[in-house]
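Colleague: In UniProt numbering, the protein residues as written are 1 to 332.
Just so it is clear, CB atoms sit at the ideal spot from N, CA and C, and this is done for glycine as well.
The structure presented is a predicted model; accordingly, all values stated were derived computationally and were not measured.
#1: Would residue 285 be called buried (16 or more neighbouring beta carbons within 10 Å of its own) or exposed?
#2: Exposed or buried, which one is residue 83 when buried takes at least 16 other CB atoms within 10 Å?
#3: For residue 3, is the classification buried or exposed, using 16 other Cβ atoms within 10 angstroms of its Cβ as the cut-off for buried?
#4: Decide if residue 216 is buried, meaning its Cβ has at least 16 other Cβ atoms within 10 Å, or exposed.
#5: DSSP puts residue 144 in a beta bridge; with which residues?
#6: Which residue wins for smallest C-alpha separation from residue 186, given the options 48, 34, 29 and 37?
#7: Does DSSP put residue 3 in a helix, a strand or coil?
#8: What's the gap between the Cα of residue 125 and the Cα of residue 310?
#9: Assuming the contact rule is C-beta atoms closer than 8 Å, residue 192 and residue 244 should be a hit. Round their C-beta distance to whole Å, please.
#10: Does the region 257-274 come close enough to the region 154-167 to have 3 or more Cβ pairs within less than 8 Å?
#11: Which ranges would you report for the beta strand (DSSP E) in the region 87-172 if only whole runs of at least 3 residues count?
#12: Which residues bound the beta strand (DSSP E) around residue 83?
#13: Could you spell out where the alpha helix (DSSP H) holding residue 24 opens and where it closes?
#14: Quickly, what does DSSP pair residue 285 with across the bridge? List them, please.
#15: In angstroms with no decimal places, state the Cα-to-Cα distance between residue 329 and residue 128.
#16: As a quick exercise: from 203, 116 and 149, pick the residue whose alpha carbon is nearest that of residue 167.
#17: In the region 290-319, which residue ranges form an unbroken alpha helix (DSSP H) of at least 4 residues, counting only runs that do not cross its ends?
#18: What distance in whole Å lies between the Cβ atoms of residue 74 and residue 35, which are believed to be in contact at a cut-off of 8 Å?
#19: Buried or exposed: where does residue 254 fall if 16 or more other Cβ atoms within 10 Å of its Cβ makes it buried?
#20: Consult DSSP for residue 247 and reduce its assignment to one of helix, strand or coil.
#21: Does the structure place the region 294-310 close enough to the region 220-236 that three or more beta carbon pairs sit under 8 Å?
#22: My guess is that residue 79 and residue 121 are in contact by the Cβ rule of under 8 Å, so how many angstroms apart are they, rounded?
#23: How about the region 28-42 and the region 88-95: do they share at least three Cβ pairs that are nearer than 8 Å?
#24: By the three-class DSSP mapping on this structure, what secondary structure does residue 11 have?
#25: Please report the distance separating the alpha-carbon of residue 61 from that of residue 205.
#26: Are the CB atoms of residue 287 and residue 249 nearer to each other than 8 Å?
#27: With three or more beta-carbon pairs closer than 8 Å as the criterion, would you say the region 194-213 touches the region 96-114?
#28: In whole angstroms, what separates the C-alpha of residue 246 from that of residue 114?
#29: With a 10 Å radius around its C-beta and 16 neighbouring C-beta atoms as the bar for buried, classify residue 45 as buried or exposed.
#30: Can you tell me the Cβ-Cβ gap for residue 296 and residue 232, rounded? I've got them flagged as a contact below 8 Å.
#31: Identify every residue that forms a DSSP beta bridge with residue 181.
#32: Once DSSP output is grouped into helix, strand and coil, what is the label at residue 227?
#33: Considering residue 34, what are the terminal residues of the beta strand (DSSP E) in which it resides?
#34: Quick one: is residue 21 buried, meaning 16 or more other Cβ sit within 10 Å of its Cβ, or exposed?
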């Protein structure tokens, strides 16, 4: 897949979401023709694609990956599939685990089958660092054991295994892309970085948070998107699972201190019991070994945590963007 080919058309499922909408923009910037799938709704609202400027090479369609007929239709005449559509909120997976299995596993089945039937040239399956659970060793490479510590992570382990089976059984040209903790403009308020930024920007004197002791490997969203595109253009990545992260570990507490300092805030952090995961479900440590990604693509993340946080804060603090969030309501 490269921009010198004629009629290179790619499909992004979950294009109405946080990472998906940024990926659509990056692909358009690099000359690809993009078919973007937004989940159907009666308002014909395209999620974060509403913020993506109209482009002659952007085709937005609505549908549902749980419908096999829809999946066959949207993969027609597609060179590369970036499959991002999924349910991702960990707290809500405790309430609706069956829905996560339906969307993340059955939806992936439908997309793999459709891609195989339509002769798609490359298929990028989106995984998550949550499949590793709490690190047994660091940094975490792709050989690290998988540990289902939430229904969400279990559903993604299942989806990855199913996609892998299509590669091994039917030669689906698959790469599993395993991003670590992506952040940036448009991220859901259920994630910790937007939670803290939006509450400070809204003038809160104290902020309700969950456990601050876990560590994470944060990646700015454009670095994650560039990882998808680089792996799609890497034939050696077919059949591989590849971590995409920063190879940088920081605690949630230290991340929040950075945000407070950048925003010039004296806000106090308060523990909200409703935001705590069950103790055995909390992933305490994530730190990405991205050496395989670097070896395959020759690329490095471009954004430091400080630069990424500044860009994120700048976006969220614009009144027109902050108005899209409800800082006083806990997003499950």
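Modeller: So, to answer that:
#1: buried
#2: With a 10 Å radius around the Cβ and a threshold of 16 neighbouring Cβ atoms, residue 83 comes out buried.
#3: Caution is warranted here: a pLDDT of 49 is assigned to residue 3, below 50, making its placement in the model unreliable, and the coordinate value is therefore given only provisionally. Residue 3 is exposed by the Cβ-count criterion.
#4: buried
#5: Bridge partners of residue 144: none, in fact.
#6: 48
#7: Note that residue 3 has pLDDT 49, beneath the 50 cutoff, so the model's placement of it is unreliable and the number below is only indicative. Three-state result, residue 3: coil.
#8: 30 Å
#9: Rounded, the Cβ-Cβ distance is 19 Å, inconsistent with contact.
#10: A contact between stretches requires three or more CB pairs, one per stretch, nearer than 8 Å, and the region 257-274 fails this requirement with the region 154-167.
#11: 122-126
#12: 80-83
#13: Looking at the DSSP string, the run of the alpha helix (DSSP H) that includes residue 24 is 18-29.
#14: 215
#15: 26 Å
#16: 116
#17: As summarised for the region 290-319, the continuous alpha helix (DSSP H) elements at least 4 residues long and confined to that stretch are 291-297 and 305-316, given in chain order.
#18: 6 Å
#19: exposed
#20: coil
#21: yes
#22: 5 Å
#23: no
#24: strand
#25: Taking the straight line joining both Cα atoms gives about 42 Å.
#26: yes
#27: Contact between the region 194-213 and the region 96-114 is absent, because fewer than three Cβ pairs lie under 8 Å.
#28: 33 Å
#29: exposed
#30: 11 Å between Cβ atoms; not a contact.
#31: DSSP lists 218 as partners of residue 181.
#32: Correct three-state label for residue 227: helix.
#33: Under the DSSP assignment, residue 34 falls in the beta strand (DSSP E) whose first and last residues are 33-39.
#34: buried
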